[in-house]
Amino acid sequence: MRFPRAWIGYRREEVHQYLHFLRLEQEMIQNHTAKESILFQEEMNTKTNEAKQLRAELREILALERTYIEGTKSS
Numbered sequence: 001m002r003f004p005r006a007w008i009g010y011r012r013e014e015v016h017q018y019l020h021f022l023r024l025e026q027e028m029i030q031n032h033t034a035k036e037s038i039l040f041q042e043e044m045n046t047k048t049n050e051a052k053q054l055r056a057e058l059r060e061i062l063a064l065e066r067t068y069i070e071g072t073k074s075s
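So the sequence shown is numbered by my numbering: it starts at 1 and just counts up by one.
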């Protein structure tokens, strides 16, 4: 399946911005004194898992973009 380059670039930027947002959220959580460490740890795990999933999606998007660029060079 081929994706338009504009979509790939848009989605890459969207994922990149969301990863930045997650990092900021994680910093806020870490800086906040956790009254309930179990809830704190669960929230950190959730954010870490979200970030891992988004990084995997970003790798896929970058691979699509590379494939698209290589395809246009050979055309």
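C-beta: ideal position from N, C-alpha, C; glycine also.
Check, Outcome
"CA-to-CA distance, L39 to I69, given in whole angstroms", "45 angstroms"
"Burial state of I29 (16 or more Cβ within 10 Å)", "exposed"
"Cβ distance (whole Å) where L64 is taken to contact V15 below 8 angstroms", "L64 to V15, Cβ: 12 angstroms. No contact."
"Closest Cα partner of I8 within the set R66, K52, K73, N49", "R66"
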